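Working notes for the structure below.
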Amino acid sequence: MTKTTGTVTELKRLWWIKINTKPARKHALDGALFLHRGKVRYTANGTEYEKWTCLWDYRKWYGKIPEMGQSVSVEFRDGNPAKFKIVC
Numbered sequence: 000m001t002k003t004t005g006t007v008t009e010l011k012r013l014w015w016i017k018i019n020t021k022p023a024r025k026h027a028l029d030g031a032l033f034l035h036r037g038k039v040r041y042t043a044n045g046t047e048y049e050k051w052t053c054l055w056d057y058r059k060w061y062g063k064i065p066e067m068g069q070s071v072s073v074e075f076r077d078g079n080p081a082k083f084k085i086v087c
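Residue 31 in numbering that gives the first Met the number 0 is what sits at position 32 of the sequence shown, and the numbering runs on without skipping anything.
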């Protein structure tokens with residue numbers, strides 16, 4: 000795996016995919032986490048890639064979802080740089 004820096008170019012919250020983190024809630028959004036979908040642009044081996052990926056709402060454990068235009072750390076496969084993941 001090789002690391003590089005990428006940029007978030009698009010970000011969408013998927014309101015219809017809700018994860019409840021509490022067994023009992025006071026209201027519908029109490030303790031709810033939502034899946035986010037983001038487009039990341041990065042360069043690998045001289046080729047520029049722009050791909051969609053799913054981002055969990057890491058507020059509770061890792062901080063927060065990256066914003067549009069923010070730099071993120073990207074890890075990709077050496078043999079297939081189109082396969083990537085965002086590293087926290």
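Don't be surprised by glycine CBs; every beta carbon is placed ideally from N, CA and C.
Computed from a predicted model, the values in this text were never measured in an experiment.
- For LEU28, the three-state secondary structure derived from DSSP is coil.
- Ranked by how close their Cα comes to the Cα of HIS35, the residues GLU9, SER70, LYS2 have GLU9 in first place.
- Judged by pairs of C-beta atoms under 8 angstroms, the region 78–85 does not touch the region 11–28, as fewer than three such pairs exist.
- Under a 10 Å Cβ-count criterion, GLY37 is classified as buried, with 16 or more other Cβ atoms of the shown protein chains found around its own Cβ.
- For the 8 angstroms CB-CB criterion, VAL86 and THR4 do not form a contact.
- Annotated three-state conformation of LYS2 is strand, per DSSP.
- For the pair TYR48 and ARG12, the Cα-to-Cα distance works out to about 22 angstroms.
- Among the bridge pairs identified by DSSP, ALA43 is matched with THR46.
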